[in-house]
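Protein chains in written order, with numbering that gives the first Met the number 0: chain A, 0 to 370; chain B, 0 to 370.
2 protein chains.
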Amino acid sequence: MQNVYVLGIGLTRFGRYPDTPVEELARDACFEALDDAAVEWREVQAMYSAHVNQGVAAGQRVIREIGPSGIPVVNVENCSAAASTAVREATIAIGAGLYDLAVVVGFEKMATGVLLNVHPVESPETLMGMTVLPMRFALMGRRHMADYGTTIEQFAKVSVKNHGNAVANPKAQYRKAVSLEEVLASRMICDPITVLQCSPNTDGAGAVVLCSEEFGRRRGGRRVRIVASALTSDLTESAYNEFDLDLVRRAGRQVYERAGVGPEDLDVVETHDCFSVAEVLEYEMLGLSKEGEGGRLIADGATEIGGRIPVNPSGGLLAKGHPLGATGIGQIAEIVTQLRGEAGARQVGGAKVGLTCNMGMWSCCTHIFAV
Amino acid sequence: MQNVYVLGIGLTRFGRYPDTPVEELARDACFEALDDAAVEWREVQAMYSAHVNQGVAAGQRVIREIGPSGIPVVNVENCSAAASTAVREATIAIGAGLYDLAVVVGFEKMATGVLLNVHPVESPETLMGMTVLPMRFALMGRRHMADYGTTIEQFAKVSVKNHGNAVANPKAQYRKAVSLEEVLASRMICDPITVLQCSPNTDGAGAVVLCSEEFGRRRGGRRVRIVASALTSDLTESAYNEFDLDLVRRAGRQVYERAGVGPEDLDVVETHDCFSVAEVLEYEMLGLSKEGEGGRLIADGATEIGGRIPVNPSGGLLAKGHPLGATGIGQIAEIVTQLRGEAGARQVGGAKVGLTCNMGMWSCCTHIFAV
């Protein structure tokens with residue numbers, strides 16, 4: 000496999016777009032990424048598209064908005080990890096020598112509704128009302144508190160950090176700092192998770208232009224190398240027994256092994272904070288802290304910009320927003336921006352190696368990038 | 000890229016399964032393919048799943064029925080070409096050296112409803128009622144008749160041939176021969192397409208086990224080599240101007256070039272006869288006849304079993320059935336069966352090289368296989 004690079008990135012501002020077709024959001028992200036990469040649409044040799052619930056032939060419908068093309072289109076779904084899974088697929092194809100230049104576009108309008116219960120209707124999970132995700136993360140959070148002494152305030156501080164980071168991100172849905180008191184006092188969704196500890200409903204799109212070693216060398220530009228990726232799945236255990244995120248742990252170990260780096264080598268991380276509890280658990284699963292010490296990591300400020308290992312400088316899913324099929328590309332766009340040193344007021348100084356962790360409950364896709 | 004092989008195939012009988020969850024159909028196809036390949040589920044390193052409208056995390060839901068696993072799952076959608084697109088993706092990943100053994104499973108229950116209109120609501124196509132596919136193929140058929148003198152009887156003969164072939168296929172939805180008179184006299188859907196010239200609503204699942212060169216050599220078995228594939232897309236032209244299937248023409252040319260063979264080297268073809276008209280057009284697009292001479296090819300009997308180039312010995316979509324996300328694997332399973340010499344009464348004598356053409360109106364995926 001030859002090396003593969005991110006040559007360009009594009010994001011719509013994440014938010015709510017009730018009057019804009021999702022294909023137009025996706026098109027805008029593609030145009031921005033193509034401009035950023037300084038390549039023309041007619042040079043693109045393949046498109047991978049990612050979404051969760053945007054209908055048939057979604058990538059083709061995006062191309063219809065961009066302009067004539069007859070290139071291969073692969074539409075990828077993988078829960079909230081759809082976009083990073085699509086990036087991984089495109090990377091494999093370029094690495095194998097099939098294409099020199101491909102676009103990966105992820106998009107979602109949440110208004111169309113997404114059913115996140117994959118448990119059978121008659122399952123214990125559904126009968127107990129565990130049909131949506133806050134319940135599962137609330138249970139994980141409570142168990143973590145019981146096992147390790149993690150506090151409600153530590154979970155809440157994840158939201159404070161990420162909302163604070165998003166103030167400096169023009170692509171974020173929410174750009175207003177929140178205090179610990181505000182997070183704790185906001186409406187309770189499922190104890191200990193309050194509404195400010197939940198990612199919002201978000202519409203949006205993101206695109207990345209990927210290229211081969213040879214194309215990148217020929218064209219120059221601010222390339223960021225995709226060092227390694229990993230993809231894991233899990234839908235075999237009962238929710239009763241799931242108090243950690245083993246699929247994240249496995250996706251972390253695999254990507255570190257393939258990249259030949261460890262968590263201590265990372266300068267910046269974008270991880271899947273669909274709920275505050277998730278980020279704390281992911282610290283541990285990704286080896287940013289020892290298991291059981293995720294609460295202390297956030298409490299100590301280690302994951303703030305300027306801390307030992309900044310996590311979610313973009314504002315994360317909690318504040319930047321979580322348009323399912325676009326989320327993984329939102330993470331990758333942030334890491335690329337950081338590694339290029341173009342993140343402005345939210346820049347992590349001297350960032351050379353970054354990790355993204357995009358989880359979809361039943362899938363987890365990790366990537367390591369480097370300059 | 001190293002060589003990739005089909006090591007095992009599995010199909011549910013195509014038909015209607017109102018009381019069987021689609022995950023169970025898919026599981027059964029996987030078990031059959033694993034048995035056929037003589038490999039264990041725990042050896043499988045990745046799953047690619049294909050469907051059009053079967054919900055979130057579909058592949059993971061299938062794994063839940065099969066047994067514990069944490070392997071990478073990629074869910075692929077590409078209209079009716081979803082399954083062959085998924086096979087192509089898995090082939091790329093194995094060819095690139097990521098996996099030695101992967102399962103590709105395609106499945107669909109049509110009862111859940113699939114919207115096949117991708118034209119915008121306010122488009123001329125929709126306003127004229129061209130919201131479903133029979134209208135488009137009827138227009139293509141009428142234009143073909145006007146341009147080339149193709150007859151209604153020639154189109155109808157495709158159905159006669161394919162229903163006749165399906166009699167010998169235990170996996171086919173319909174196993175009853177029909178006469179030319181019956182096809183012509185059946186209910187008119189959209190002139191010149193009668194109901195017996197339309198593929199039926201079908202539930203079903205198919206799976207293939209793919210392996211690397213090295214794994215195949217180590218384990219033996221009746222391997223069929225995936226020589227080449229191609230994937231094209233099209234959603235940029237108005238339906239008004241589409242009287243052929245250029246995306247099929249391009250997918251044919253590309254796969255021939257990559258495989259280093261031409262249409263004259265093929266022994267057997269499975270192509271996408273969603274309507275009788277489609278098969279006639281595909282003869283021409285795939286170079287089985289000159290352009291304009293597809294009607295004569297079917298009239299002359301050249302595409303019957305025993306003819307110069309047998310097409311759809313399985314019964315095709317018209318008689319075997321068309322469970323969208325499983326259709327491409329249904330085609331591949333037939334070609335593999337033919338190249339192994341295991342097709343019984345529908346065997347094409349001495350078949351060594353076969354082609355599949357899986358079209359999804361907005362996508363077309365071709366494969367060439369050889370023993």
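Cβ atoms here follow ideal geometry from the backbone N, Cα and C, with glycine treated the same way.
Nothing here was measured: the structure is a model prediction, and the numbers come from that model.
From the options, residue whose alpha carbon lies closest to that of residue i
i, options, result
"A/G259", "A/V194, A/Q337, A/A369", "A/A369"
"A/N200", "A/G220, A/M0, A/A171, A/K351", "A/A171"
"A/L265", "A/L132, A/L317, A/Y282", "A/Y282"
"A/C210", "A/D18, A/K351, A/M46", "A/M46"
"A/G286", "A/R218, A/L244, A/Q330", "A/L244"
"B/V347", "B/K289, B/G219, B/A95, B/A167", "B/A167"
"B/V276", "B/E31, B/V159, B/D35", "B/V159"
"B/V21", "B/L6, B/A36, B/V51", "B/V51"
"B/R257", "A/P309, A/L97, A/F30", "A/L97"
"A/V268", "A/I65, A/V72, A/M139, A/V335", "A/V335"
"A/V375", "A/R60, A/I8, A/V61, A/R63", "Residue 375 of chain A is absent from the model: chain A starts at 0 and stops at 370."
"B/G220", "B/M134, B/E31, B/R339", "B/R339"
"B/S198", "B/A145, B/L6, B/C273", "B/C273"
"B/N357", "B/G105, B/F30, B/G291, B/E303", "B/G105"
"A/T302", "A/F214, A/V157, A/S178", "A/V157"
Enclosing beta strand (DSSP E) for residue i [first to last residue]
i, result
"B/H366", "362 to 369"
"A/I304", "Segment: none, A/I304 is in no beta strand (DSSP E) and carries neither H nor E."
"A/A0", "Rather than Ala, the amino acid found at residue 0 of chain A in this sequence is Met. Per DSSP, A/M0 belongs to no beta strand (DSSP E) and is neither H nor E."
"A/C189", "187 to 189"
Which of helix, strand or coil DSSP assigns to residue i
i, result
"A/D243", "coil"
"B/S275", "helix"
"B/F154", "helix"
"A/Y444", "Absent from the model: residue 444 of chain A. The displayed extent of chain A is 0 to 370, so no value can be given."
"A/V43", "coil"
"B/S68", "coil"
"B/F106", "strand"
"A/N195", "Checking the displayed sequence, the identity of residue 195 of chain A turns out to be Leu instead of Asn. In the structure shown, A/L195 sits in a helix (DSSP, three-state: H, G or I)."
"A/V347", "coil"
"B/D202", "strand"
"B/M358", "strand"
"A/S79", "strand"
"A/N161", "helix"
"B/T11", "coil"
"A/V166", "coil"
"B/V182", "helix"
"A/V61", "helix"
Neighbourhood of residue i by C-beta distance below 6 Å, restricted to the same chain and skipping five residues each side
i, result
"B/D27", "T11"
"B/R15", "D202"
"A/P169", "none"
"B/Q153", "G294, I297, A298"
"A/V55", "none"
"B/A250", "A229, T231, C363, T365"
"B/G261", "Y255"
"B/N77", "T84, G359, S362"
Residue span of the alpha helix (DSSP H) that contains residue i, given as start and end
i, result
"B/G324", "323 to 339"
"A/C29", "21 to 36"
"A/I308", "Taken as a continuous stretch (DSSP letters only), A/I308 belongs to no alpha helix (DSSP H), as it is neither H nor E."
"A/A176", "Segment: none, A/A176 is in no alpha helix (DSSP H) and carries neither H nor E."
"A/L97", "Looking at the DSSP string, A/L97 is not in any alpha helix (DSSP H), and its letter there is neither H nor E."
"A/P133", "132 to 147"
"A/L287", "Premise fails: A/L287 is in no alpha helix (DSSP H) and is neither H nor E."
"A/R295", "293 to 298"
"B/A318", "315 to 318"
Spatial neighbours of residue i in its chain, beta-carbon cut-off 7 Å, leaving aside the 5 residues before and after
i, result
"A/N2", "E212, R224"
"A/S228", "R87, T90, V254, C364, T365, H366"
"B/R142", "F242"
"A/V182", "A155, S158, V159, T193, L195, Q196"
Identified DSSP bridge partners for residue i
i, result
"A/V5", "A/L209, A/V223"
"A/V267", "A/G353"
"B/N74", "A/E76, B/S48"
"B/L230", "B/C364"
Residues near residue i by beta carbon distance below 8 Å, same chain, minus five either side
i, result
"A/V43", "L33, S68, I70, L100, A101, V102, V208"
"A/M0", "I91, G94, A95"
"B/G148", "G294"
"B/P191", "A137, G140, R141, M144, I151, F154, V276"
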